[in-house]
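Taken in sequence, the protein lines are chains V and R.
Here the working numbering = 1-based position in the first sequence + 3.
Here the working numbering = 1-based position in the second sequence + 64.
Step one of this worksheet: look at the structure below.
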Amino acid sequence: LAKTTQPISMDSYEGQEVNITCSHNNIATNDYITWYQQFPSQGPRFIIQGYKTKVTNEVASLFIPADRKSSTLSLPRVSLSDTAVYYCLVGDRGQAGTALIFGKGTTLSVSS
Amino acid sequence: DTAVSQTPKYLVTQMGNDKSIKCEQNLGHDTMYWYKQDSKKFLKIMFSYNNKELIINETVPNRFSPKSPDKAHLNLHINSLELGDSAVYFCASRPTSSLGDTGELFFGEGSRLTVL
Numbered sequence: 004l005a006k007t008t009q010p011i012s013m014d015s016y017e018g019q020e021v022n023i024t025c026s027h028n029n030i031a032t033n034d035y036i037t038w039y040q041q042f043p044s045q046g047p048r049f050i051i052q053g054y055k056t057k058v059t060n061e062v063a064s065l066f067i068p069a070d071r072k073s074s075t076l077s078l079p080r081v082s083l084s085d086t087a088v089y090y091c092l093v094g095d096r097g098q099a100g101t102a103l104i105f106g107k108g109t110t111l112s113v114s115s
Numbered sequence: 065d066t067a068v069s070q071t072p073k074y075l076v077t078q079m080g081n082d083k084s085i086k087c088e089q090n091l092g093h094d095t096m097y098w099y100k101q102d103s104k105k106f107l108k109i110m111f112s113y114n115n116k117e118l119i120i121n122e123t124v125p126n127r128f129s130p131k132s133p134d135k136a137h138l139n140l141h142i143n144s145l146e147l148g149d150s151a152v153y154f155c156a157s158r159p160t161s162s163l164g165d166t167g168e169l170f171f172g173e174g175s176r177l178t179v180l
């Protein structure tokens with residue numbers, strides 16, 4: 004199973020763009036890259052998913068280089084409410100038996 | 065309209081007791097999971113069931129026994145509780161490819177277990 008590496012923590016200020024990079028050097032051909040957000044006392048929540056190049060939704064953008072060995076979650080103009088833990092996962096989304104492995108995540112702290 | 069619901073949300077008990085946590089999902093998903101999140105926030109998979117069948121069983125002590133009476137429910141029973149079992153336990157569900165699986169996990173709010 005592909006293992007991911009992310010920074011343990013990041014700090015930012017309101018209104019700034021935040022980029023969180025995840026390394027997944029042994030990502031498999033069928034693996035997708037998925038990011039989750041977790042607030043204190045809540046379960047993780049899906050943010051965005053991609054396979055290659057760039058994916059954008061109303062919450063974030065996901066940049067994936069051609070070799071797919073890393074990915075970057077981009078949060079535009081963060082606010083205090085974006086303070087959370089962000090997890091990067093890689094896995095084959097078509098396999099029910101896939102153990103979706105969470106790493107330690109990146110704790111993002113946004114200050115005013 | 066909670067998609068994945070867990071009960072109880074908080075559970076405080078003594079060492080050696082037996083306790084259960086229940087999970088129900090109303091999303092029509094075929095696959096359900098139990099994850100354990102310890103004090104260091106590391107989220108670790110414990111079990112996965114697909115259509116009531118166990119498909120993933122990570123290295124979890126056999127004091128932990130999942131039970132799936134139907135595909136909408138996955139309960140977790142823990143025997144002889146130990147101090148190290150204190151954690152937040154999350155239930156999650158996921159659709160299979162027949163339902164347009166995106167691999168997205170839908171989590172419950174968690175059940176915080178404290179063993180004294």
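Even glycine gets a Cβ: it sits at the ideal position worked out from N, Cα and C.
Just so we're clear, the structure is a prediction, and the values are computed from it rather than from any experiment.
**OP:** Just the C-alpha distance for F171/R and C155/R, rounded to the nearest angstrom, thanks.
**Re:** 6 Å
**OP:** For L147/R, name the three-state secondary structure that DSSP assigns.
**Re:** DSSP places L147/R in helix when its eight states are reduced to three.
Subject >> the ligand MN heavy atom lying under 6 Å from the CB of Y54/V >> reply: Absence of the ligand MN is noted for the structure shown, with no ligands found whatsoever.
Original post:
Sorted by chain position, which residues of the same chain lie with C-beta nearer than 8 Å to K55/V's C-beta, five sequence neighbours on each side aside?
Top reply: I67, A69, R71
**OP:** Might you give, ordered along the chain, the residues of its own chain that have their beta carbon closer than 6 Å to the beta carbon of H137/R, omitting 5 neighbours on each side?
**Re:** Excluding sequence neighbours, H137/R sits near E88.
Original post:
Sorted by chain position, which residues of the same chain lie with C-beta nearer than 6 Å to I119/R's C-beta, five sequence neighbours on each side aside?
Top reply: S112
**OP:** Closer than 9 Å, Cβ to Cβ, to anything on chain V: give me those residues from the segment 106-128 of chain R, in chain order.
**Re:** Against chain V - using a Cβ distance shorter than 9 Å - the residues of the segment 106-128 of chain R are F106, L107, K108, I109, S112, N114, N115, I119, I120, E122.
Original post:
Going straight from the alpha carbon of L111/V to that of P133/R, what length do you get?
Top reply: 39 Å
**OP:** At 7 Å on the CB atoms, spell out the chain R contacts of I104/V, in chain order.
**Re:** I109
Subject >> Within-7 Å CB hit, P2/V to chain R >> reply: This structure gives no information on residue 2/V, because the portion of chain V shown stretches from 4 to 115.
Subject >> Cβ-Cβ distance between D34/V and V93/V below 7 Å >> reply: yes
Original post:
Who pairs with Y113/R in a beta bridge, going by DSSP?
Top reply: M96/R, L118/R
Subject >> Bridge partners - R48/V, DSSP secondary structure assignment >> reply: Beta-bridge annotation (DSSP): R48/V is paired with Q40/V.
**OP:** Using alpha carbons as the reference points, say which of T109/V, L103/V, S114/V lies closest to N6/V.
**Re:** A small fix is needed here, since residue 6/V is Lys in this sequence, not Asn. It is L103/V.
Original post:
Cβ of T95/R within 7 Å of Cβ of N114/R?
Top reply: yes
**OP:** Leaving out five residues on either side along the sequence, give the residues of the same chain with a beta carbon under 7 Å from the beta carbon of A151/R.
**Re:** K100, Q101, D102, L177
Original post:
Given a threshold of 16 other Cβ atoms within 10 Å of its Cβ, counted over all protein chains shown, does V76/R qualify as buried or as exposed?
Top reply: exposed
**OP:** Taking F66/V as part of the beta strand (DSSP E), name the residues at either end of that continuous run.
**Re:** 64-67
**OP:** Could you say which of P130/R, K135/R, P159/R lies nearest to I85/R if we only look at CA atoms?
**Re:** P130/R
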